[in-house]
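These protein sequence lines are chains A and B, in that order. The opening position of the first sequence corresponds to residue 1 in this note's numbering, with each subsequent residue numbered one higher. The opening position of the second sequence corresponds to residue 461 in this note's numbering, with each subsequent residue numbered one higher. C-beta: ideal position from N, C-alpha, C; glycine also. Since we're looking at a predicted model, the values are computed, not measured. Reading through the structure tokens given below for one structure.
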Amino acid sequence: MNTLIVISVLPIVLLYLGLYKMQKALLPVTVIGLLVALGLAVAKWQDAAFAAPEYHGMILFNQFSIAFSAVAIVLTILILLLSKGYFEKISDHIAEYYAIILFSLAGIIVMVSYYNLTMLFIGIEIMSVSLYILAGIKKNDFASNEAALKYFLMGAFSTGFLLFGFTLVYGSTGSFALEGIQKWVLDHNQMPPMLCTGVILILVGLCFKVGVAPFHFWTPDVYEGSPALITAFMSTVSKTASFAAFLRLFSICFPLISNIWSPALVIVAILTLFIGNITALYQQSFKRMLAYSSISHAGYLLFAIVGLGASSANTIFVYATAYSIASIVAFGALILVTQSTGSDSFDSFNGLGKKNPFLALVVTIAMLSLAGIPLTAGFIGKFFTFNLIMRKYLILLAIVAVINAIISIFYYFRVIVAMYFRGEEREEIVVPPYYVFVLGFAALATIVIGVYPQLINGLI
Amino acid sequence: MTVSILIFLPVLAALAVLFFKNETAKHAALFFSVVELAIAGVFLANFKPDASTQFIIDTPWIPQFSIYFDAGIDGISMVMVLLTTLLVPLIILTTYKHQYKNANAFYALILFMQAGMLVVFTALDGFLFYVGWEAALIPIYFICSLWGGENRVRITIKFFIYTFAGSLFMLLGIIFLYIQSPNSNYDLHDLYAAVQSQYITNRQGVVFWAFFLAFAIKMPLFPFHTWQPDTYTEAPSAGTMMLSGIMLKMGVYGCIRWLIPITPMAMVTYQHMVIILAVIGIVYASVIAFTQTDGKRLVAYSSIAHVGLIAAGIFAWNAQGLQGSMVQMLSHGINVVGMFFIWDIISSRLGTRDITKLGGIAKVAPKFAIAFLIIVLGTVALPLTNGFVGEFLLLNSVYQYNIWFAVIAGLTIIFGAVYMLRMYKNVMQGQTNELTATFADVHGSEKIVLCIICVLIISLGIYPQFILHISSAAVENLLHTVKIPGKF
Chain A
1 MNTLIVISVL PIVLLYLGLY KMQKALLPVT VIGLLVALGL AVAKWQDAAF
51 AAPEYHGMIL FNQFSIAFSA VAIVLTILIL LLSKGYFEKI SDHIAEYYAI
101 ILFSLAGIIV MVSYYNLTML FIGIEIMSVS LYILAGIKKN DFASNEAALK
151 YFLMGAFSTG FLLFGFTLVY GSTGSFALEG IQKWVLDHNQ MPPMLCTGVI
201 LILVGLCFKV GVAPFHFWTP DVYEGSPALI TAFMSTVSKT ASFAAFLRLF
251 SICFPLISNI WSPALVIVAI LTLFIGNITA LYQQSFKRML AYSSISHAGY
301 LLFAIVGLGA SSANTIFVYA TAYSIASIVA FGALILVTQS TGSDSFDSFN
351 GLGKKNPFLA LVVTIAMLSL AGIPLTAGFI GKFFTFNLIM RKYLILLAIV
401 AVINAIISIF YYFRVIVAMY FRGEEREEIV VPPYYVFVLG FAALATIVIG
451 VYPQLINGLI
Chain B
461 MTVSILIFLP VLAALAVLFF KNETAKHAAL FFSVVELAIA GVFLANFKPD
511 ASTQFIIDTP WIPQFSIYFD AGIDGISMVM VLLTTLLVPL IILTTYKHQY
561 KNANAFYALI LFMQAGMLVV FTALDGFLFY VGWEAALIPI YFICSLWGGE
611 NRVRITIKFF IYTFAGSLFM LLGIIFLYIQ SPNSNYDLHD LYAAVQSQYI
661 TNRQGVVFWA FFLAFAIKMP LFPFHTWQPD TYTEAPSAGT MMLSGIMLKM
711 GVYGCIRWLI PITPMAMVTY QHMVIILAVI GIVYASVIAF TQTDGKRLVA
761 YSSIAHVGLI AAGIFAWNAQ GLQGSMVQML SHGINVVGMF FIWDIISSRL
811 GTRDITKLGG IAKVAPKFAI AFLIIVLGTV ALPLTNGFVG EFLLLNSVYQ
861 YNIWFAVIAG LTIIFGAVYM LRMYKNVMQG QTNELTATFA DVHGSEKIVL
911 CIICVLIISL GIYPQFILHI SSAAVENLLH TVKIPGKF
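What follows is the structure, encoded as structure tokens:
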């Protein structure tokens, strides 16, 4: 809980720093604040194994919440470190950036620790509203404005679905508390149509939020239009948290009635994989490719919910972590390359291997991880998800997943091919020390987790 | 002493080589690979040729999923370890005349690939096996596409997708086995026991296909071979040697160790089909090889034919077949490395691999001619060369299964003799032309490599008992444990 308080107070402090023109202090204060929040969360680890719901059953801060909060905080720190010198270029109001990102993070902490539907709603809204602003933060940029508007409309629309679902579930079970709903479902044999409709509507709402097909149309435009760092934040931290929230709701309340929602989710997963991967194949822009690849990864993450079981939380945790750190590398490199060449197409990576061996190496590791090649973290995640669905004997789904993993090779390797095999004269990119640290750390973590997954596996 | 030394030394060596500059990297890589060979020699000296698995390392890796770092060496693995550790220094030595850009990365990748292949050949845990399988694939992808020929990027990605597709299906198969296995783990011997106690009886077909696809693509077996000739042609010769000399044996080894023992019932169902595919592959590849004018491509197709025979011999599943495949895997590895090295020498001197443009080299380069001849004779399985023992045993095995298959598969020897000797005649004999008149004879490192290869070809041909002795107990044991329904 203290974590949440720290992360909520921190942005207010930052806004004051901005007010008194202490731009230099912003990043250190943010990072220190986040580290404190992280420490406070992790310190509770032992007790959290027996955590009970607090605040009238509104919040349950157990190991699941700590693990996901920690991952969200660490990823946010990495992204903010990349922001050094980035926001200054696009705006004068830097303090606001940090503050809004942290507000969003506060929403995310709520999303991974809620124990009541109202808290889930509040968490999602805090996160989303902040993200709407962040998407449009390049005020004079047409694409950024479009992204914000689209994101806002789609987000509001999906929130409608979500709320309607909540009300219907409340109508039939008489409770917003997860425990109350769980108990009601346990006690009743016959599920009323109202509950089923509610569950499906919640499913639709959450699918919108995590951006899976056929509710994914906002994703590419929003990801492309937003500033790259914000896109990185949206596609890693907020996606991870949304999946954690998704899992908590369905694993606590509705595991017994999986026959209602699981067929729908299987179809959603298959659609997501095919649409995400095949569309990614046709992209010329690296950033847009990452957007579609994030859709397809959402498809793999859905497997953890389709194959709901004891290890689902662990699977989402490992997969999302692996995916997120690899994505941060990709976005970090994208920012550098775009700054140097002014374009975010695949071609702008041409010849990078010769001029910037370090940058090319970390991007290669990231791409291999995203493609799920062994000895990288991405493979461990993919292995766990395959394991889950095979346990449910969803062999057809597994085969679809394999076919998509093969398709994804084409576009991930396109980057590698561009970097190493398309010899082209280019200027050497100066990689700032912050970038060296973040990209090096993320790439190293990818390899270490891939070789020794025990490091993060089995925490929850 | 555990097998972990053997596995991790090349990994460390690869990291070390990265820090050397170009020329020194070459020497360092050779040094480390020779050390690795020496260690393999120590293992061989301490190896007891009985059926047991020795030098086992078994530590938890991912306990939640009962994944262990579990590896060891038995007779079958020992031969494969010898093959790998013997060929890698030879292959590194063949590159001594080349000046690769970023040589340190090149040699690091080769050593890393060696580690991956050693994992495959010693793994006793399904997950570990898979990781090794893929860990060997990534380096060769980069070797081929960074240092390969003109069309390398397109062709290498095709190769990668092909093999990656196969291995992903194998991953599904491995997970499927894990879910069905009685102790919920990936342990090979537990799986053997489970299969024999009829625990895993249903859906063996599914597992069979999942594994078969991966192995058939890797070998490659007809009709999964379409990536192979292009990749062999485009890859740098060291890469081609790694691929054909060692990597394709991963598929064969996989069949012996994993596929057939784990799915014996499905194997009975599909045995006939696989052998027919193998025999078709033999004839098909031989005929195509006959029409090739590019030397490297010709060798690539002849490699398909040889592997087809190995596959047929294994799927007949008897002692001769398995023993033959052991000998033949080693021999084929040596011969094919020699063959590709011959073409590497020719093409780096003359800038062409077109057989029709060559001729008369024997006149100007007698030492080269002798080595070439010995390698050709080894490849066409002349008695007293290493190729003969393997092919004889393999044909014997196919004969026991079905006489007509043996007759058709036996054509491989005749066909092989025809296209190989024709190639030799066109390249080496006749009159020299403008191109070949100034061909310099072999010297230095080339001479050493060819010498070693020729000695190996002849000594293994005269005394194959050396290899047969290592693997015979393990092979008998395997045949004994894996009872094929309705056969024994």
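Distances from the CA of F217(A) to each of I267(A), A147(A), I108(A) were compared; the closest alpha carbon is that of A147(A).
The Cβ atoms of M710(B) and A596(B) lie closer than 9 Å to each other. Rounded to the nearest whole angstrom, the C-alpha separation of L855(B) and V743(B) is 14 Å.
Inter-residue distance for F828(B) and V591(B) is about 41 Å (C-alpha atoms, whole angstroms). When I600(B), F620(B), A653(B), F589(B) are compared, the shortest CA-CA separation from M630(B) is found for F589(B). Contact of A310(A) with chain B by beta-carbon distance below 9 Å is absent, the smallest such distance being about 10 Å. F589(B): not part of any beta strand (DSSP E); member of the alpha helix (DSSP H) spanning 586-607, first to last residue. If you draw a straight line from the Cα of L469(B) to the Cα of V495(B), it comes to about 9 Å. Residue-level contact by beta carbon holds for E594(B) and chain A, with a gap shorter than 9 Å. Closest by C-alpha distance to A298(A), out of Y97(A), L256(A), A322(A), V31(A), is A322(A).
In the structure shown, the three-state DSSP call for E125(A) is helix. The beta carbon of T173(A) lies closer than 8 Å to those of G180, I181, W184, V185, L195 in the same chain, with the five residues before and after it left out. One Cα belongs to F800(B), the other to L553(B), and the distance between them is close to 13 Å. The C-beta of G904(B) has fewer than 16 other C-beta atoms within 10 Å across all chains shown, which makes the residue exposed. Among the residues of chain B, those whose CB is under 7 Å from the CB of N457(A) are I522, Q524, following chain order. With a threshold of 16 other beta carbon atoms within 10 Å, K150(A) meets it and is buried. In the three-state scheme derived from DSSP, where H, G and I count as helix and E and B as strand, N937(B) is classed as helix. Leaving aside the five residues that flank V541(B) on each side, the residues in its chain whose CB is nearer than 8 Å to its CB run, in chain order, L466, A500, F503, I533, L578, F581, T582. Residues of the region 567-581 of chain B whose Cβ lies closer than 7 Å to any Cβ of chain A: none. In the DSSP annotation of this structure, the continuous segment of the beta strand (DSSP E) that includes P520(B) starts and ends at 514-522. If you compare the alpha carbons of L397(A), I79(A), G372(A) with that of G332(A), the shortest gap goes to I79(A). Taking a beta-carbon distance threshold of 9 Å, I600(B) does not count as an interface residue toward chain A. According to the DSSP assignment, D530(B) belongs to the beta strand (DSSP E) that extends over 527-533. Separation of A831(B) and M888(B) (C-alpha to C-alpha, rounded to the nearest whole angstrom) is 12 Å. Closest by C-alpha distance to E936(B), out of A825(B), I536(B), D647(B), is I536(B). Taking the Cβ atoms as the reference, V787(B) lies roughly 4 Å from G850(B), within the contact range of under 8 Å.
Note on R882(B): under 16 other CB atoms within 10 angstroms of its CB, so exposed under the neighbour-count rule. The CB of S605(B) comes closer than 7 Å to the CB of F421 in chain A, given here in chain order. Out of P689(B), S931(B), Q524(B), T898(B), the CA that lies nearest to the CA of P826(B) is found in T898(B).
Using a Cβ-Cβ cut-off of 9 Å, P432(A) does not count as an interface residue toward chain B, since no Cβ of chain B sits closer than that to its own.
Here I295(A) really is in contact with A213(A); their C-beta atoms are around 7 Å apart, less than 8 Å. In the assembly as shown, R614(B) is an exposed residue. Its beta-carbon has fewer than 16 other beta-carbons within 10 Å. With contact defined as three or more Cβ pairs closer than 8 Å, the region 162-173 of chain A and the region 239-252 of chain A are not in contact. With fewer than 16 other Cβ atoms inside 10 Å of its own Cβ, D47(A) counts as exposed.
Residues F684 of the same chain have their beta carbon placed closer than 6 Å to that of A676(B), with the five preceding and five following residues left out of the count. In this structure, S128(A) keeps its C-beta atom at 9 Å or more from the C-beta atom of F215(A).
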